[in-house]
Amino acid sequence: NSVKSVVIIGGGLIGIKTAIALQKRGLDVTVIELQNRILPQVLDLIASLIITEILYKKGIKIITNTSVISIEGKNKRVEYVRLLTGGRISCEMVIICIGVRPNVDFLSGSGIKINQGIIANKYLQTNISNVYVAGDVAEVYDLLLKKHSLHPIWPAATEQGRIAGYNMCGIKTFYPGTIISNAFRIENLNIISAGIIEPPDNQEYKSIVVYDKKRQIYKKVVIKKDKPVGMIFVNDISGAGSIIKAIKQAQPIDISETDLYYSKLSKIFKNFIL
Ligand SMILES: Cc1cc2nc3c(=O)[nH]c(=O)nc-3n(C[C@H](O)[C@H](O)[C@H](O)COP(=O)(O)OP(=O)(O)OC[C@H]3O[C@@H](n4cnc5c(N)ncnc54)[C@H](O)[C@@H]3O)c2cc1C
Numbered sequence: 413n414s415v416k417s418v419v420i421i422g423g424g425l426i427g428i429k430t431a432i433a434l435q436k437r438g439l440d441v442t443v444i445e446l447q448n449r450i451l452p453q454v455l456d457l458i459a460s461l462i463i464t465e466i467l468y469k470k471g472i473k474i475i476t477n478t479s480v481i482s483i484e485g486k487n488k489r490v491e492y493v494r495l496l497t498g499g500r501i502s503c504e505m506v507i508i509c510i511g512v513r514p515n516v517d518f519l520s521g522s523g524i525k526i527n528q529g530i531i532a533n534k535y536l537q538t539n540i541s542n543v544y545v546a547g548d549v550a551e552v553y554d555l556l557l558k559k560h561s562l563h564p565i566w567p568a569a570t571e572q573g574r575i576a577g578y579n580m581c582g583i584k585t586f587y588p589g590t591i592i593s594n595a596f597r598i599e600n601l602n603i604i605s606a607g608i609i610e611p612p613d614n615q616e617y618k619s620i621v622v623y624d625k626k627r628q629i630y631k632k633v634v635i636k637k638d639k640p641v642g643m644i645f646v647n648d649i650s651g652a653g654s655i656i657k658a659i660k661q662a663q664p665i666d667i668s669e670t671d672l673y674y675s676k677l678s679k680i681f682k683n684f685i686l
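In this text, residue positions in the sequence shown follow my numbering: the first is 413, and each later residue adds one.
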């Protein structure tokens, strides 16, 4: 309770939520982010800047394109951190929020196949037939990346838990795979993002974007050929669930900026039951 200043290493979802919570408690908060923007895994530059502006107005300091190389102090108390790009920031507390990693060490020598996480097949079974896997620790098929990867979010964990449970009971249930998606709220803004939010510089991809600065509404749908592969909705999330469904089902869409702005989904989806 006596701490007055904090450095948060990592400007992802957990780092930013922590920053807001501590700022509300009256602490002087600085967020250090390695990439060129906060929330880099879930927002593109424009959406990230909308959030950055809100945080700046609250007095939260954000330093991007750098990291912390050492945490310094005396008598077991933190006094400052040194930055990779030079300089130091005084603080009495450091919180490290640089991502999650499955704890799979206890499985070494078990014969269970592990990459970053435990590798799951289409029935969420590991390579050992009576061992199943679900949740943050599972490496499952990603429908967009077309390879196995981690999806450490709650909806993926519960769906996988249910399907692994069915299969363990002998009710054969196929797990098609998933995509990365996040729904969260920062101050008064509801935000949903999913899939590929920053497409590669490649003619196969195009982005439909609308940005109403005054109303803090930002919407982007990334399309590969004629199929949606990613989206960001800020401060107007109507229809976001349908777009996520279309991404998962590889459903073609035909969408204009106006349709997107007004969420005219019946026009967007052809032959698609919402
Ligand atoms: C700070 C934070 C905020 C989050 N916010 C969101 C959010 O807003 N939305 C969202 O969708 N997701 C969020 N997540 C992610 C979400 O919590 C996880 O995806 C979800 O909890 C995964 O469920 P799980 O059962 O796989 O793992 P967990 O919920 O982590 O449960 C695993 C359990 O297994 C125990 N355990 C670990 N190792 C062993 C072992 N060797 N033997 C026995 N037990 C063991 C652990 O102690 C733990 O109780 C957040 C995560 C964090 C950390």
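Glycine is no exception: its CB is placed at the ideal position from the N, C-alpha and C atoms. No experiment lies behind these values; they were computed from the predicted model shown.
Buried/exposed call for residue i, threshold 16 Cβ in 10 Å
| i | result |
| --- | --- |
| I428 | buried |
| Q661 | exposed |
| S593 | buried |
| A433 | exposed |
| G511 | exposed |
| L557 | exposed |
| L457 | exposed |
| I540 | exposed |
| L686 | For L686, the predicted model reports a pLDDT of 41, less than 50, meaning its position is unreliable and no value from the coordinates is stated. |
| I472 | buried |
| D648 | buried |
| I604 | buried |
| K626 | exposed |
| I583 | exposed |
| K632 | buried |
| S520 | exposed |
| S654 | buried |
| Y468 | exposed |
| S650 | exposed |
Integer-rounded CB distance, given that residue j should sit under 8 Å from residue i
| i | j | result |
| --- | --- | --- |
| I620 | A606 | Incorrect: roughly 15 Å between the Cβ atoms, too far for contact. |
| V641 | Y630 | Actually they are not in contact, since the Cβ atoms of V641 and Y630 sit about 18 Å apart, beyond 8 Å. |
| L439 | V418 | 5 Å |
| I421 | I598 | So it is not a contact: roughly 19 Å between Cβ atoms. |
| Y578 | T585 | 4 Å |
Beta-carbon contacts of residue i that lie in its chain and below 7 Å, excluding the five residues immediately before and after
| i | result |
| --- | --- |
| V490 | I483, C503, E504, M505, V506 |
| V687 | The requested residue 687 does not occur in the structure, where the chain is confined to residues 413 to 686. |
| N683 | Because N683 carries a pLDDT of 48, less than 50, the predicted location of this residue cannot be relied on, and no value is offered for it. |
| K636 | E616, Y617 |
| K470 | Q435 |
| Y674 | none |
| Q453 | G424 |
| E551 | N527, Q528, G529, I530, I531, A532, H560, S561, L562 |
| Y553 | H560, G589 |
| C509 | I420, I421, G422, G424, I426, G427, T430 |
| V415 | L439, E504, M505 |
| F596 | L425, I603 |
| P564 | V512, D548 |
Cβ shell of residue i (< 8 Å), same chain only, five flanking positions each side left out
| i | result |
| --- | --- |
| E669 | I620, V621, V622 |
| I524 | I530, T538, N539, I540, V543 |
Other residues of its chain near residue i: CB distance less than 6 Å, five sequence neighbours each side excluded
| i | result |
| --- | --- |
| A576 | L536, Y544, A546 |
| I481 | R494, L496 |
| I609 | D456, G642, I644 |
| N448 | T476, N477 |
| A652 | I604, F645 |
| T442 | V419, K473, I501 |
| E445 | G423, T476 |
C-beta neighbour in chain B for residue i, strict 7 Å
| i | result |
| --- | --- |
| I428 | In the displayed structure, chain B is absent; only one protein chain is listed. |
Entirely enclosed alpha helix (DSSP H) segments - the stretch 554 to 633, minimum 4 residues
566 to 580
Kindly provide the ranges of any beta strand (DSSP E) runs that are 3 or more residues long and lie completely inside the stretch 420 to 458, ordered along the chain.
440 to 444
In chain order, what residues have a CB nearer than 5 Å to some heavy atom of ligand 1?
I426, F518, G547, D548, P564, I565, W566, A569
Which ranges would you report for the beta strand (DSSP E) in the stretch 492 to 546 if only whole runs of at least 3 residues count?
500 to 502, 505 to 508
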